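This report concerns only the one structure given below.
Protein chains: 2
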Amino acid sequence: MNTQLLKGVLEGCILLVIQQEPIYGYALIQKLRQFGFESLVGGTVYPILQKLEKNGQIQGEMRKSPEGPDRKYFEITEVGKGTIQQFIAEWQQLTTNVTKIIKVANDHGDTQ
Amino acid sequence: MNTQLLKGVLEGCILLVIQQEPIYGYALIQKLRQFGFESLVGGTVYPILQKLEKNGQIQGEMRKSPEGPDRKYFEITEVGKGTIQQFIAEWQQLTTNVTKIIKVANDHGDTQ
DNA sequence: GTGAGCTAGTTGGTTATACAAACTAGTTGT
DNA sequence: ACAACTAGTTTGTATAACCAACTAGCTCAC
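Those sequence lines, one after another, are chains A and Y.
Heads up: the first sequence begins at 1 in our numbering, then just goes up one per residue.
Heads up: the second sequence begins at 1001 in our numbering, then just goes up one per residue.
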C-alpha cells in the first residue's frame, strides 16, 4: 500500500474507531489491521494517539490489564467528534473528485 | 480542504487527466480545479509534473502558444499507464477500508 | 509606450505525516 | 533463565503539498 495515500486518512480512521468504543492502542492497531490496513505498526499509531490527546480530541486513561502491561484506554471528546464530522465531509469531497476523474479518464484515454 | 488528504492522490489524478489527452500544466491546473480541487496552485502542480517526467511516466514537449508564453504539453507513457492502474487499485482498496470504518462507527457511536 | 493583468512555468524553504528501527517494561510458559 | 507476546515510547528519515517570490511572454487600457 502506498504510504502517501494514508496521510491524514489514518488520523480520521483512528478517531472513528475510538468513537465507536473506548479502546487502547494495541487493540486499536489490530482493529485497523482487520479493516484492511494490514501493515500498520505501533511506531505509526502511538504518536498519532499522543498528538490527538494533546489536541484534546481524545482522552486517555491507564488501566490495569488482567494479563500483560497496563493499557491506555482512549475515548472520544466533543472536540474529537467535531473533527470526525469534518473528516468525513472532506473525505467524501475527495472521493467524489477522484471518482469523477477516474470515470472521465476511463471514458476517453483507454477506449480509442 | 485538508492538504494531507491530497498526498499521493494528486499525483494519480494528474496522471489520469494527462492520460485522457495531452495537456500543458496551466490548463491541467484549471481542469483539476473544475474537478473540485479548487485551491490548487502552480507551486504544487509544476513540481509534480517535473518529477513525473523525470520518472518517465509522462513526456513533455514545448509548443508555441497562439497567445502568451510557450506551453509544455505532456502525454502519458506506458510506464505512466502502469502507475495509473496501480494507483486505481490502491485507491479503491483505501476507499473500501475507510468506507467500512465510517459505516461501522456510524452504526455504533452515534445512535445510542 | 508604459504599466496592469493574464498566461506559463520555476524554485527554495516550510510543514505534516507515515514509517523503520531500536528501545523499555510487564507477563506467561518452558 | 529465557523466549515470546503484550503494551507503549522515541529518534530519525523520506515524501509531498504548499507558500512566496521569482522570470518571462503577451494583450489591452490609458
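Just so it is clear, CB atoms sit at the ideal spot from N, CA and C, and this is done for glycine as well.
Here the structure is a predicted model, which is why all the values come from computation and not from measurement.
Which class does glutamine 30(A) belong to by DSSP, given the choice of helix, strand or coil? One-based indexing of the first sequence puts residue 30(A) at position 30. Helix, per DSSP.
If you check the beta carbons only, do glutamate 78(A) and glutamine 59(A) fall under 8 angstroms apart? Mapped onto the first sequence, residue 78(A) falls at position 78. Mapped onto the first sequence, residue 59(A) falls at position 59. Going by C-beta atoms, glutamate 78(A) is not nearer than 8 angstroms to glutamine 59(A).
Any beta-carbon of chain Y closer than 8 angstroms to the one on glycine 55(A)? Residue mapping note: residue 55(A) aligns to position 55 of the first sequence, counting from 1. First, the residue type needs correcting, since residue 55(A) is asparagine and not glycine in the sequence shown. Closer than 8 angstroms: no.
Which residues mark the beginning and the end of the alpha helix (DSSP H) in which glycine 43(A) is found? Numbered from 1 along the first sequence, position 43 holds the residue referred to as residue 43(A). It spans 42-54 - the alpha helix (DSSP H) in which glycine 43(A) sits, taken as one unbroken run.
Assuming glycine 1042(Y) and isoleucine 1029(Y) make a contact with CB atoms under 8 angstroms, what is their CB distance in whole Å? Your numbering for residue 1042(Y) matches position 42 in the second sequence. Your numbering for residue 1029(Y) matches position 29 in the second sequence. Correct: roughly 6 angstroms between the Cβ atoms.
Reference glutamine 1057(Y), options Lys1100(Y), Pro1066(Y), Leu1049(Y), closest by Cα: The residue you call residue 1057(Y) lines up with position 57 of the second sequence. The shortest C-alpha separation from glutamine 1057(Y) is found at Leu1049(Y).
If you drop the 5 nearest sequence neighbours on each side, which residues of the same chain put their C-beta closer than 8 angstroms to that of leucine 1015(Y)? Along the second sequence, one-based indexing puts residue 1015(Y) at 15. Excluding sequence neighbours, leucine 1015(Y) sits near Leu1052, Gln1057, Ile1058, Ile1076, Gly1080, Thr1083, Ile1084, Phe1087.
Let me see if you follow: with CB-CB separation under 8 angstroms, is valine 944(Y) close to chain A or not? What the structure shows of chain Y is the stretch from 1001 to 1112, and residue 944(Y) is not part of that stretch, so it cannot be assessed.
Determine the extent of the alpha helix (DSSP H) in which glycine 80(A) is found, giving its start and end residues. On the first sequence, residue 80(A) is found 80 positions in, with the first residue counted as 1. Here the alpha helix (DSSP H) through glycine 80(A) covers 78-105.
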